[in-house]
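Trainee: Here our numbering runs 14 ahead of the position in the sequence shown, where the first position is 1.
My questions all concern the structure below.
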Amino acid sequence: MPRPRPFTTAVGVLLLVIGAAAALPLWVMWLVPRTQLVHTYAVYAASFIPYVALPTLVALLGLVLLARRLWRWVATGVLLFALICFGLPLLGTFPDDPGPAGDLQFLSINAQFGQVEVTDIEALVEPGTDIVAITEYTPELERRIADSDFGREFPHRVGEARPGADGTAVYAREPISLIDQHNGWAVNLLVQPTAQDGIDYTVAVVHPVAPTVGPDRWDADAHGIAAWLRPHVQPRFVAIGDFNAAREHVTMGYFRDIGLTDPQSSLTLGRSMLAKWQPTWPVGAKVPPFVRIDHVLVPQHSTFASNRYRDLPGSDHRAVLGGIFPGR
Numbered sequence: 015m016p017r018p019r020p021f022t023t024a025v026g027v028l029l030l031v032i033g034a035a036a037a038l039p040l041w042v043m044w045l046v047p048r049t050q051l052v053h054t055y056a057v058y059a060a061s062f063i064p065y066v067a068l069p070t071l072v073a074l075l076g077l078v079l080l081a082r083r084l085w086r087w088v089a090t091g092v093l094l095f096a097l098i099c100f101g102l103p104l105l106g107t108f109p110d111d112p113g114p115a116g117d118l119q120f121l122s123i124n125a126q127f128g129q130v131e132v133t134d135i136e137a138l139v140e141p142g143t144d145i146v147a148i149t150e151y152t153p154e155l156e157r158r159i160a161d162s163d164f165g166r167e168f169p170h171r172v173g174e175a176r177p178g179a180d181g182t183a184v185y186a187r188e189p190i191s192l193i194d195q196h197n198g199w200a201v202n203l204l205v206q207p208t209a210q211d212g213i214d215y216t217v218a219v220v221h222p223v224a225p226t227v228g229p230d231r232w233d234a235d236a237h238g239i240a241a242w243l244r245p246h247v248q249p250r251f252v253a254i255g256d257f258n259a260a261r262e263h264v265t266m267g268y269f270r271d272i273g274l275t276d277p278q279s280s281l282t283l284g285r286s287m288l289a290k291w292q293p294t295w296p297v298g299a300k301v302p303p304f305v306r307i308d309h310v311l312v313p314q315h316s317t318f319a320s321n322r323y324r325d326l327p328g329s330d331h332r333a334v335l336g337g338i339f340p341g342r
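This is the structure:
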């Protein structure tokens, strides 16, 4: 095989350096999640772990251009193998969205300092929606809801309104009971709606602090919420809300440790992972949404009706519509 030309070598070096510089930190933070806590910027960078395939492939392409003789064939083989591993989950169907189903149907929104319009919340409510969970629930939003058609349609409420981003509430069509409240950085609720077809469900609405306060406090707040939830996890359980973390962030591991899983991230035979890739933040910013931090978590042995994501004017998060079936 002829010696690479200077231009090919220069391109190879450029691709290898850029790709490796971007990919290696992401791989380290994915494989060793605690490394995300070294700095707030590391937490932010970890949001891009779902995209690690892109810089990895760029680095491997650079390696192919730099390698000589037999090593170029080896590098090409590694590149093809990586393409297969990263590409196969993207293949498959994009089925029509049947909409939320399940014995308990919910709408989960972030009101962004309570500034969303009640009419926009109403527009997302569907006939089967049983409860509406609201994070960043403020006294001013509470007053507007009280005077609205939404407030009359969902007359039962538990939670606490607070200025800023700390308040949380759950509205329900039927009576709803507050099981427990965990006051971390924000209000976190554990509620039990009216039994559906004789089946009781437990719903947790959580809102850990954002990493902007520092990685240690971000980590501790999520860990405390997970520990609070642990005794309540059972087959008919769902945790919803703004987790301020992507699936790959270290804090989401605390929820997996108590037996919760994200069905939206699971592989489904024949369905493209792109059909499940639903970034929820930031909405309305200079960049499009690139990370999903609004989650629905259920116990590993529960079934789950696919959730949908909808834009909510006035919020920097997408709203989540979903539902659950009883655990097996």
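Note that the Cβ used here is the ideal one computed from N, Cα and C, for glycine as well.
As the structure is a computational prediction, the values presented were derived from the model and not from experiment.
Report the rounded CA-to-CA distance for D230 versus L288, giving the unit in angstroms.
Mentor: Translated into the one-based positions of the sequence shown, residue 230 becomes position 216. Translated into the one-based positions of the sequence shown, residue 288 becomes position 274. Distance between the alpha carbons of D230 and L288: 33 Å.
Trainee: Secondary structure at Q195, three-state DSSP: helix, strand or coil?
Mentor: As a working note, residue 195 is residue 181 in the sequence shown. Strand.
Trainee: Pairs of beta-carbons, one from the segment 206–226 and one from the segment 249–266, closer than 8 Å: are there three or more?
Mentor: yes
Trainee: Going straight from the alpha carbon of V305 to that of G165, what length do you get?
Mentor: Taking the first residue of the sequence shown as 1, we reach residue 305 at position 291. Taking the first residue of the sequence shown as 1, we reach residue 165 at position 151. In a straight line, the C-alpha of V305 is about 31 Å away from that of G165.
Trainee: Skipping 5 residues on each side, what residues in its chain have a beta carbon closer than 6 Å to that of L75?
Mentor: For the purposes of this step, residue 75 is taken as the residue at position 61 of the sequence shown. In the same chain as L75, and ignoring 5 residues on each side of it, the C-beta atoms closer than 6 Å to its own belong to L29, in chain order.
Trainee: Where T143 and Q119 are concerned, what is the direct C-alpha to C-alpha distance, given to the nearest angstrom?
Mentor: In the sequence shown, counting from the first residue as 1, residue 143 sits at position 129. In the sequence shown, counting from the first residue as 1, residue 119 sits at position 105. Going from the Cα of T143 to the Cα of Q119 covers about 5 Å.
Trainee: Going by DSSP, what residue range makes up the beta strand (DSSP E) through G128?
Mentor: For the purposes of this step, residue 128 is taken as the residue at position 114 of the sequence shown. No beta strand (DSSP E) contains G128, which DSSP labels as neither H nor E.
Trainee: What does the alpha-carbon distance come out to for the pair H315 and G173?
Mentor: Within the sequence shown, the letter at position 301 stands for residue 315. Within the sequence shown, the letter at position 159 stands for residue 173. Going from the Cα of H315 to the Cα of G173 covers about 29 Å.
Trainee: For L104, which of Y65, D134, W41 and V72 has the nearest alpha-carbon?
Mentor: Position 90 of the sequence shown, counted from the start, is the residue given in the question as residue 104. Cα-wise, what sits closest to L104 is Y65.
Trainee: Please go through the segment 237–312 and give each complete beta strand (DSSP E) segment of 3 or more residues, from N-terminal end onward.
Mentor: 251–256
Trainee: Measure the alpha-carbon distance for D194 versus K300 and round it to whole angstroms.
Mentor: Locating residue 194 in the sequence shown gives position 180, where the first residue counts as 1. Locating residue 300 in the sequence shown gives position 286, where the first residue counts as 1. C-alpha separation (whole angstroms): 39 Å.
Trainee: Can you list, in chain order, the residues of its chain whose CB lies under 6 Å from that of I145, leaving out five sequence neighbours each side?
Mentor: The residue given as residue 145 occupies position 131 in the sequence shown. So the list reads F120, V184, A186 and P207, once near-sequence residues are dropped.
Trainee: Over the uninterrupted alpha helix (DSSP H) stretch that includes T70, give me the two end residues.
Mentor: Your numbering for residue 70 matches position 56 in the sequence shown. That run of the alpha helix (DSSP H) goes A67 to L80.
Trainee: Taking 8 Å as the cut-off, decide whether the C-beta atoms of Y151 and G128 are in contact.
Mentor: Reading the sequence shown from its first residue, position 137 is the one you call residue 151. Reading the sequence shown from its first residue, position 114 is the one you call residue 128. Yes, they are a contact pair.
Trainee: Under the rule that 16 or more other beta-carbon atoms within 10 Å means buried, what is Y323, buried or exposed?
Mentor: Taking the first residue of the sequence shown as 1, we reach residue 323 at position 309. Burial check for Y323: the Cβ neighbour count within 10 Å reaches 16 or more, so the residue is buried.
Trainee: So, helix, strand or coil for R83, using DSSP?
Mentor: Along the sequence shown, read from residue 1 onward, the residue named residue 83 stands at position 69. It is coil, neither helix nor strand.
Trainee: Considering Cα atoms alone, identify which of I239, T294 and Q278 is closest to Y268.
Mentor: Numbered from 1 along the sequence shown, position 254 holds the residue referred to as residue 268. Here the closest residue by C-alpha is I239.
Trainee: Our contact map puts V312 next to I338 with C-beta atoms below 8 Å; I'd like the distance itself, whole angstroms only.
Mentor: As a working note, residue 312 is residue 298 in the sequence shown. As a working note, residue 338 is residue 324 in the sequence shown. Yes, V312 and I338 are in contact; Cβ-Cβ is about 6 Å, under 8 Å.
Trainee: Report the start-end ranges of each alpha helix (DSSP H) in the segment 133–196 that is 4 residues or longer and not cut off at the edges.
Mentor: 153–160 and 163–167
Trainee: Return helix, strand or coil for T208, following the three-state DSSP convention.
Mentor: Taking the first residue of the sequence shown as position 1, residue 208 is located at position 194. Of the three classes helix, strand and coil, the one that applies to T208 here is coil, per DSSP.
Trainee: Within 10 angstroms of its Cβ, does I98 collect 16 or more other Cβ (buried), or is it exposed?
Mentor: Reading the sequence shown from its first residue, position 84 is the one you call residue 98. It is exposed - the Cβ of I98 has fewer than 16 other Cβ atoms within 10 Å.
Trainee: What are the partner residues of R324, as DSSP defines its beta bridges?
Mentor: As a working mapping, residue 324 is identified with position 310 in the sequence shown. BP columns for R324 point to A333.
Trainee: Among residues of its own chain, excluding the 5 on either side of V42, which ones have a beta-carbon nearer than 7 Å to its beta-carbon?
Mentor: For the purposes of this step, residue 42 is identified with residue 28 of the sequence shown, where counting begins at 1. Excluding sequence neighbours, V42 sits near T49.
Trainee: What would DSSP say about F95, mapped onto helix, strand or coil?
Mentor: Translated into the one-based positions of the sequence shown, residue 95 becomes position 81. F95 falls in the helix class under three-state DSSP.
Trainee: Find out if the Cβ-Cβ distance for the pair A125, I159 is shorter than 8 Å.
Mentor: Reading the sequence shown from its first residue, position 111 is the one you call residue 125. Reading the sequence shown from its first residue, position 145 is the one you call residue 159. Contact flag unset, no.
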